[in-house]
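Undergrad: The numbering of the sequence shown is full-length UniProt numbering, which starts it at 1 and goes up by one.
Here it is: the structure, laid out below.
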Amino acid sequence: MPTLTILPSGKTIEAEQGSRLLDAIIAAGEKIVSKCGGEAKCGACHIFVQEGRKSVSKMQREENEKLDTIVGVGSKSRLACQTLFGADNVTVELLGFDSGF
Ligand code: FES
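The following block contains the structure:
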């Protein structure tokens, strides 16, 4: 079972392979906004996947198009609602007000 580590808090929880990063982040009690209900429409669940990028699900067109509209996107950017756990551990960085974004 993969683990999810969430920065900047450093909290780590176990996650189900095939489940959404968004759900695991919420289950960990972290603050993440989801205005569109996980439909890749709001972009509010934008995160950086710092480790485990090769293990998570590949980006689909809808997610890619939404990320193109968001300021501050980089090569580690994903929408947490569109990203599923693979077999490996994942570390994500949340982009709250504390992180300077
Ligand atoms: S929750 Fe809206 S894009 Fe992910």
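Ideal Cβ positions, reconstructed from N, Cα and C, are used throughout, including at glycine.
A quick note: this is a predicted structure, and the numbers were derived from the prediction, not measured.
Indicate, with yes or no, if ligand 1 has a heavy atom lying under 7 Å from the CB of Lys-11.
TA: Here residue 11 refers to the residue found at position 11 when the sequence shown is read from its first residue. Not under cutoff, so the answer is no.
Undergrad: Would you mind reading off the limits of the alpha helix (DSSP H) that contains Lys-31?
TA: Reading the sequence shown from its first residue, position 31 is the one you call residue 31. Careful: Lys-31 lies outside any alpha helix (DSSP H) and carries neither H nor E.
Undergrad: Which residue wins for smallest C-alpha separation from Ala-15, given the options Lys-41, Asp-23, Leu-67?
TA: By one-based count along the sequence shown, residue 15 stands at place 15. It is Asp-23 whose Cα lies nearest to the Cα of Ala-15.
Undergrad: Nearest by alpha-carbon distance to Lys-54: which of Gly-72, Arg-78, Cys-45, Val-33 is it?
TA: Along the sequence shown, one-based indexing puts residue 54 at 54. Ranking Gly-72, Arg-78, Cys-45, Val-33 by Cα distance to Lys-54 puts Arg-78 first.
Undergrad: According to DSSP, simplified to helix, strand and coil, what is Gln-17?
TA: Your numbering for residue 17 matches position 17 in the sequence shown. Coil.
Undergrad: Compute the Euclidean distance between the alpha carbons of Glu-65 and Lys-11, then round it to the nearest angstrom.
TA: Numbered from 1 along the sequence shown, position 65 holds the residue referred to as residue 65. Numbered from 1 along the sequence shown, position 11 holds the residue referred to as residue 11. Those two C-alpha atoms are separated by around 30 Å.
Undergrad: Please state whether DSSP places Lys-11 in a helix, a strand or coil.
TA: Counting from 1 along the sequence shown, the entry for residue 11 is found at position 11. Strand.
Undergrad: For my contact list, Val-90 and Glu-51 are in at a C-beta cut-off of 8 Å; report their separation, rounded to the angstrom.
TA: The residue given as residue 90 occupies position 90 in the sequence shown. The residue given as residue 51 occupies position 51 in the sequence shown. Between Glu-51 and Val-90 the Cβ distance is about 6 Å, and since that is below 8 Å, they are a contact.
Undergrad: For Glu-93, list the residues DSSP reports as bridge partners.
TA: The residue given as residue 93 occupies position 93 in the sequence shown. In DSSP, Glu-93 forms a bridge with Leu-7, Phe-48.
Undergrad: Let's test the definition: count the other Cβ atoms within 10 Å of the Cβ of Arg-61 and tell me whether it reaches 16, buried, or not, exposed.
TA: Walking along the sequence shown from the start, residue 61 turns up at place 61. It is exposed - the Cβ of Arg-61 has fewer than 16 other Cβ atoms within 10 Å.
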